[in-house]
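There are 2 protein chains.
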Amino acid sequence: MAYELHYWDGLQGRGEFVRLALEEARAPYIDVARERAQDGHGEDAMLALINSRTEPHIPFAPPFLKDGDLIVAQTANILLYLGSKLHLAPQDDLRYVVHGLQLTIADLVTEVHDTHHPIASGLYYEDQKEAAEARAGDFIDHRLPKFLGYFERVLEQNPHGPRHMVGKTLTYVDLSMFQVVAGLHYAFSRAMKRFAARYPHLAALHDAVAARPNIADYLASERRLPFNETGIFRHYPELDRAAH
Amino acid sequence: MAYELHYWDGLQGRGEFVRLALEEARAPYIDVARERAQDGHGEDAMLALINSRTEPHIPFAPPFLKDGDLIVAQTANILLYLGSKLHLAPQDDLRYVVHGLQLTIADLVTEVHDTHHPIASGLYYEDQKEAAEARAGDFIDHRLPKFLGYFERVLEQNPHGPRHMVGKTLTYVDLSMFQVVAGLHYAFSRAMKRFAARYPHLAALHDAVAARPNIADYLASERRLPFNETGIFRHYPELDRAAH
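Protein chains in written order, with the numbering used here: chain A, 12 to 255; chain B, 12 to 255.
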């Protein structure tokens, strides 16, 4: 049976981390909210599950994955679940190392979101622009180099070499790292200008993931939506500037 | 061998979610940074691991757990790891439901943190007070009722009854839910005024966890530090007001 991925239509957002794992593994899945609103598909199907008064295990927000009766919520948790099913995670205790890295990526993604929504996720960007400029400045000066420097060291210090975040084979966190690097380039092109020189292992990982046949196919397909200003990674020129 | 918990001394913070699981299970552990700085203890021991250039699996930030050579980073991930070792999580696929809830708690905790640090975690609260008042107001009006209403529904819709978040026995997410409710009462006493009437199942869960013998012993011990204004849950009267 195909996995059902529930996430907003029209943006990559957090759902994209899940899509990359499903696409790499060529796992059968339905991107429910992007299907026509019939046969239990569409965004209404997603909202019906979130608002259900009878489901035993309701999600707080998308993305969530439905596998038969089981609903798995939270991006990193979905990847934990799929990682073991799709052979995109170690079977031993290193799976906790992979998951810890994925949760650190999740923290970075939340901080990226908050550069354009520092006050209220329910308000428009335009209504919190001043605070957004302050937060984005701090992000570029302090948080971005801290996160990227950390992930670069993770690659450097991998005893199996810098080609993967953990161990010597691909895991879901490599795919997510690709997505983060791609998103940061889109949102903060000026701040990321010297990225490849400063973080060569991260740059190489990004390129290696993009070149994987199943990922390359996916990125060239219509299923891969372009980055845009309704997602997490948004390009607002006034929030982007050169890093120190 | 005792687990080694690495977290800042002097505050509950995110480390407290881990402590509650260890204390409930009466698992042997060393709260490394709170030990005297000798024999590889103290905050320096924690920072040495974070800054290590040789460790194969470095953490980004505390808390992290060391179990022999394995370093498990990220609060929810530590609980996932300990949950299976300490019998505080289901063995079947429901463990993903528990973990999804824990990650939703982690999101709430981050939002609580950002009520006092909406612009930069590296700046003082006093230097971002105006933005903090705006963010805290939105948190009280919109986010807090959304999260609490969701968790109340999770209890209500548990097919095994509202005594636990998942299934019919205690899991680590019940312990974390206790901590969140206690912290919210400390930080936002005015906003939480009608909490027990609005969220009766959550209030009952909080009280039931507090009354568990091992937790009650822990809460009465010196190991439980009081909430204070260096932790996540801070009481700043100017950020607290009655909910609608």
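Where is the CB? At the ideal position from N, CA and C, for every residue including glycine.
Quick check: what's the CA-CA separation for arginine 235 of chain A versus tyrosine 229 of chain A? Approximately 6 angstroms, taken between the alpha carbons.
Establish whether the CB of alanine 142 of chain A and some CB of chain B are separated by less than 8 angstroms. Answer yes: the Cβ-Cβ gap between alanine 142 of chain A and chain B drops below 8 angstroms somewhere.
Which two residues bound the contiguous beta strand (DSSP E) that contains lysine 77 of chain A? 75-78 is the span of the beta strand (DSSP E), which, as asked, contains lysine 77 of chain A.
Find the residues of chain B that neighbour glutamate 66 of chain A, judging by a C-beta separation of less than 9 angstroms, and give them in chain order. Those within 9 angstroms of glutamate 66 of chain A in chain B are Gln168.
C-beta contact flag for alanine 147 of chain B and alanine 117 of chain B at 8 angstroms: Their beta carbons are not under 8 angstroms apart, which means alanine 147 of chain B does not touch alanine 117 of chain B by this criterion.
Could you tell me whether any Cβ in chain B is nearer than 8 angstroms to the Cβ of glutamine 11 of chain A? The structure shown does not extend to residue 11 of chain A, since chain A is modelled only from 12 to 255, so the question has no answer here.
Can you tell me whether tyrosine 40 of chain B is helix, strand or coil according to DSSP? Tyrosine 40 of chain B falls in the strand class under three-state DSSP.
Quick one: which chain B residues come within Cβ less than 7 angstroms of alanine 87 of chain A? Leu114, listed in chain order.
Close Cβ partners of glutamine 190 of chain A (< 7 angstroms) along its chain, the five nearest in sequence each way excluded: So the qualifying residues of the chain are Glu27, Phe28, Leu31.
Per-residue contacts from isoleucine 69 of chain A into chain B (C-beta, under 7 angstroms): Per Cβ cutoff of 7 angstroms: Arg164, Val165, Gln168.
Given a cut-off of 8 angstroms, decide if leucine 250 of chain B and histidine 3 of chain B are closer than it, judged by their beta-carbon atoms. In this structure chain B extends from 12 to 255, so residue 3 of chain B is not present and cannot be described.
Are the stretch 67-83 of chain A and the stretch 168-185 of chain B touching by the rule of at least three beta carbon pairs closer than 8 angstroms? With a cut-off of 8 angstroms, the stretch 168-185 of chain B and the stretch 67-83 of chain A count as touching, because enough Cβ pairs lie within range.
Return the bridge partner residues of alanine 231 of chain A from the DSSP annotation. DSSP output for alanine 231 of chain A lists no bridge partner at all.
Just checking my contact of phenylalanine 158 of chain A with glutamine 23 of chain A at CB under 8 angstroms: how many whole Å lie between their CB atoms? The C-beta separation of phenylalanine 158 of chain A from glutamine 23 of chain A comes to about 19 angstroms, leaving the pair out of contact by the 8 angstroms criterion.
Other residues of its chain near methionine 203 of chain A: CB distance less than 7 angstroms, five sequence neighbours each side excluded: Cβ within range, chain order: Leu195, His196.
Among B/His153, B/Val192, B/Arg223, whose alpha-carbon lies nearest the alpha-carbon of phenylalanine 244 of chain B? Looking only at B/His153, B/Val192, B/Arg223, the smallest Cα-Cα distance to phenylalanine 244 of chain B is reached by B/Val192.
Among A/Glu141, A/Phe150, A/Ala215, which one has its Cα closest to the Cα of aspartate 185 of chain A? The shortest C-alpha separation from aspartate 185 of chain A is found at A/Ala215.
Let me know the alpha helix (DSSP H) ranges lying completely inside the stretch 46-119 of chain A, each 4 residues or longer, listed in chain order. Correct list: 54-61, 86-96.
Between which two residues does the beta strand (DSSP E) harbouring glutamate 15 of chain B extend? Annotation for glutamate 15 of chain B: the continuous beta strand (DSSP E) segment containing it runs 14-17.
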